[in-house]
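Participant:
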Amino acid sequence: MRSLLSRLDRHLAPSPDPARVGWLRDWSYAHRGLHSDGVPENSLAAFAGAMERGMGIECDIQRSQDHAAILMHDWELDRLTGVSGPTAGYSAEELAQLAFLDTEHKLARLDDLLALVDGQVPLLIEIKSRRRYDVAQSCEAVRDALAGYSGPHAVMSFDPRVSRWFRRHAPQTVQGLVMREDKKGQTQKGWQRRLVVRAARPEFIAYHVAALPSPMVAALRDAGLPVLTWTVDTPTLREIAALHADAPIAEGEGVA
1 MRSLLSRLDR
11 HLAPSPDPAR
21 VGWLRDWSYA
31 HRGLHSDGVP
41 ENSLAAFAGA
51 MERGMGIECD
61 IQRSQDHAAI
71 LMHDWELDRL
81 TGVSGPTAGY
91 SAEELAQLAF
101 LDTEHKLARL
111 DDLLALVDGQ
121 VPLLIEIKSR
131 RRYDVAQSCE
141 AVRDALAGYS
151 GPHAVMSFDP
161 RVSRWFRRHA
171 PQTVQGLVMR
181 EDKKGQTQKG
191 WQRRLVVRAA
201 RPEFIAYHVA
211 ALPSPMVAAL
221 RDAGLPVLTW
231 TVDTPTLREI
241 AALHADAPIA
251 EGEGVA
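Position 49 (the sequence shown) corresponds to 49 in our numbering; numbering is contiguous.
1. Quick check on this structure: which residue in S6, L5, R7 and A19 has the alpha carbon closest to the alpha carbon of E203?
2. What does the alpha-carbon distance come out to for the pair V209 and H244?
3. Could you name the residues that DSSP lists as bridge partners for Y29?
4. Can you check which of these residues, V232, V196 and L124, is closest to G151 by C-alpha distance?
5. Taking C-beta to C-beta, are T229 and A206 nearer than 8 angstroms?
6. Going by Cα to Cα distance, which pick from D111, H153 and P40 is closest to E251?
7. Quick one, which of G54, E52, F47 and E181 has its alpha-carbon nearest K106's?
8. Looking only at C-alpha atoms, which of T103, D102, A99 and A92 sits nearest to D111?
9. For S43 and A99, what's the separation of their Cα atoms in angstroms?
10. Flag this pair as touching only if the region 149-164 and the region 173-180 have three or more C-beta atom pairs under 8 angstroms; answer yes or no.
11. According to DSSP, simplified to helix, strand and coil, what is E93?
12. Would the region 52-69 count as touching the region 123-138 if we require 3 or more Cβ pairs under 8 angstroms?
13. Rounded to the nearest angstrom, what separates M51 and V121 at their Cα positions?
14. I believe S138 touches A69 by the beta-carbon criterion, under 8 angstroms. Please report the beta-carbon distance rounded to the nearest angstrom.
15. Buried or exposed for W165, going by 16 or more other Cβ atoms inside 10 Å?
16. Can you look up L284 in the DSSP assignment and give me helix, strand or coil?
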């Protein structure tokens, strides 16, 4: 039965063009940049540190009130800036005046990161989404920022609508699916995971390292989908990533 299911899992998503997605396997990626005390996550300083270390960059995208792609993980500003209110409640210009908590580093836009990187290292751009959220507007903001950008990059999200949107409206951009199996995710059950993969038809997956090894992930990997894994933050998890994935998205002690 398990063997039959594995064969079926191989066909959950079409096998991507190896020439198009092969670069995803060639790097380790700094989760929200190479952040540490005094160097905030998703700050330009953290991304510059990743580049200096020879790492690819993983970043998060929220949308400002005026629909700009902002480098921010949280829906609310409180944890990272000390300012109350939703990230989407401020314009991009207003957000650019805010500093990360206890630092002089300011919030930035995806445009700023693209100018900094300029194709030197690859980018994984995670678009944040949630229930009853118009994620298409965030997809548009990211696509517009990427217009004319020729460096290696990919978008990804827990939301399968992101993969579908980029496949239809910006097919030049590699698109992937982020997944987890614990109570914080929406795909605890096997049928839910398979349904989401079928809906997204991703060109790669970024899987929660705590759920590896996974028969479904192994089958997709055998079928040619690059498998990235997050968040690799200990040497032990780095070993698990090396065994069961193609590339780690790492931070802290997980950075080799």
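Cβ atoms here follow ideal geometry from the backbone N, Cα and C, with glycine treated the same way.
Facilitator: So, from the listed chains and residues:
1. To locate residue 203, count along the sequence shown from 1; it is residue 203. The option with the nearest alpha carbon to E203 is A19.
2. Here the question's residue 209 lines up with position 209 in the sequence shown. Here the question's residue 244 lines up with position 244 in the sequence shown. One C-alpha to the other measures close to 9 angstroms.
3. For the purposes of this step, residue 29 is taken as residue 29 along the sequence shown, with counting starting at 1. Answer is G56 and I249.
4. Residue mapping note: residue 151 aligns to position 151 of the sequence shown, counting from 1. Measuring from the Cα of G151, the nearest candidate turns out to be L124.
5. In the sequence shown, the residue the question calls residue 229 occupies position 229. In the sequence shown, the residue the question calls residue 206 occupies position 206. A contact, by the Cβ cut-off of 8 angstroms.
6. For the purposes of this step, residue 251 is identified with residue 251 of the sequence shown, where counting begins at 1. Considering only alpha carbons, the answer is P40.
7. Within the sequence shown, residue 106 is the residue found at index 106, counting from 1. Restricting attention to G54, E52, F47 and E181, the CA atom closest to the CA of K106 is found in F47.
8. For the purposes of this step, residue 111 is taken as the residue at position 111 of the sequence shown. Closest option to D111, Cα to Cα, is A92.
9. Along the sequence shown, read from residue 1 onward, the residue named residue 43 stands at position 43. Along the sequence shown, read from residue 1 onward, the residue named residue 99 stands at position 99. Their Cα atoms are separated by approximately 10 angstroms.
10. The answer is yes - the region 173-180 touches the region 149-164, with three or more Cβ pairs under 8 angstroms.
11. As a position in the sequence shown, residue 93 is number 93, starting the count at 1. Secondary structure at E93: helix, using DSSP grouped into helix, strand and coil.
12. yes
13. As a position in the sequence shown, residue 51 is number 51, starting the count at 1. As a position in the sequence shown, residue 121 is number 121, starting the count at 1. Approximately 7 angstroms, taken between the alpha carbons.
14. Mapped onto the sequence shown, residue 138 falls at position 138. Mapped onto the sequence shown, residue 69 falls at position 69. Right, the Cβ-Cβ distance comes to about 7 angstroms (below 8 angstroms), so this counts as a contact.
15. As a first step, residue 165 must be located in the sequence shown, where it is residue number 165. The residue is buried, with at least 16 neighbouring Cβ atoms inside 10 Å.
16. This structure cannot speak to residue 284, because the chain is shown only from 1 to 256.
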